[in-house]
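Quick notes on the structure that follows.
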Amino acid sequence: MIEGLKSLPIAKHNVASQFISVTSAIYKACIYYRKIEKGLWVLLTNMNIKQNIVTISSYDENTFNDYYFLNLTLFQHKFIVKDSQQISLLNTSWTFNKPYTEVPNYFYKQTDGKIISFAMKKDWVKKLLSSKKIMERKTIIQFLNNKRGFYRWVDISPDTHGLAKDLSEIIQNGNNLNFDHTALRKKSTLLIIDFFKNVSNDSRFLENISLSNLDYSNAAKAEKIIMNNLHLPFQGIEYIAKEVNTSPTKLKANFKIIYGFSMLNYHKEKNMLFAKQLITNPEINIKDIA
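Oh and the sequence shown: position 290 is 547 in the numbering used here, straight run, nothing missing.
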């Protein structure tokens, strides 16, 4: 992944700082990478989006890949409140990518955010879970079976934001020769454990269903449509499936496998999470939130 970023014509790489900057007319990204220990890397990406963009992680099918990616995304979302008035809210989500899985990620113009990505090998995760009291850890370890897979969770833990803030500061304040490695490992481990503790009883680990990259792409497109229309009543599965160009039955089943909610309930859950943020904003009328 690092080699791919370094090879971009618009990328600048500072080896000593383990830092890559990417600047273009449509976005700017500052990427910090650190090897924590054997089998575990962390990447911090700060992004400023100027235009709507979509990114896709690609893999060489001919190259062996045994890294699993756990990604925490903390990004602005432009939410329409009343009369086309937009307000920036924090959209928090976790994603788990198995090897050889390609999923598009959508970013929206005039937004900022960060992504903390952990690249983990199975042996490292197995060692971590075996030493911690995490429910269903055997099921989670069996879940790491090299099959293709992509899963998303919405804001699942109140501790996430504090841990992510601390970890980001440690990463940004250090470089290859001078950073607090002990603190980096401790905060990274705490954040990963916090994730697994909050999702350990998720039935998707036990079901362990693998889909095609096209199925993952279609579900991501459906989620994009839902997110862009949260201020409106749910548009219906048939409408979304037509926009995505797939069957409603297939999209309905695959969406729940990936996101853990039906499309209707995902629409409701996101609105509830954003409403909690809106309530604390003195500039927004309670009637408008309702």
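All residues carry an ideal CB built from backbone N, CA and C; glycine is no exception.
Three-state secondary structure (DSSP) of residue i
i, result
"A476", "helix"
"H270", "strand"
"H438", "helix"
"R409", "strand"
"E294", "strand"
"V360", "coil"
"I313", "strand"
"N528", "helix"
"S350", "strand"
Per DSSP, cross-strand counterpart(s) of residue i
i, result
"Y325", "M377"
"D369", "N305"
"A286", "V279, M304"
"F332", "N348, G370"
"V382", "DSSP lists no partner for V382."
Same chain, Cβ closer than 7 Å to residue i, five either side skipped, listed in chain order
i, result
"N528", "L487"
"F462", "E393, T396, I397, F400"
"K378", "G296, D323, Y324"
"P415", "none"
"F452", "L327, W351"
"D472", "N511"
"S315", "E359"
"A440", "I427"
"S467", "K404, R405, G406"
Other residues of its chain near residue i: CB distance less than 6 Å, five sequence neighbours each side excluded
i, result
"T537", "none"
"K292", "W298"
"N348", "F332, H334"
"L346", "H334, F336, F531, Q534"
"Y363", "V311, K481"
"L327", "F353, F375"
"S281", "I267"
"T503", "N475"
Chain-order list of residues whose beta-carbon lies under 8 Å from that of residue i (same chain, five-residue window excluded)
i, result
"N465", "Q399, F400, N402, K404, G406"
"P361", "V311, T312, I313, S474, A477, K478"
"L447", "L420"
"I283", "I306, K307, Q308, I310"
"K444", "L420, D423, L424, I427"
Worksheet item: Does the pairing of the region 509-521 with the region 483-494 give three or more beta-carbon distances under 8 Å?
Response: yes
Worksheet item: Unbroken alpha helix (DSSP H) runs of length 4 or more, entirely within the region 438-524: which are they?
Response: 438-456, 460-464, 470-485, 494-501, 505-516
Worksheet item: Using 8 Å as the threshold, is the region 447-459 in touch with the region 470-478, meaning 3 or more CB pairs across them?
Response: no
Worksheet item: With a cut-off of 8 Å, do at least 3 Cβ pairs link the region 377-388 to the region 492-499?
Response: Output reads no: the region 492-499 does not touch the region 377-388.
Worksheet item: Counting Cβ pairs, one atom from each stretch, are 3 or more of them under 8 Å apart for the region 361-369 and the region 296-314?
Response: A contact is defined here as three or more CB-CB pairs under 8 Å, and the region 361-369 meets this definition with respect to the region 296-314.
Worksheet item: How about the region 403-415 and the region 343-357: do they share at least three Cβ pairs that are nearer than 8 Å?
Response: yes
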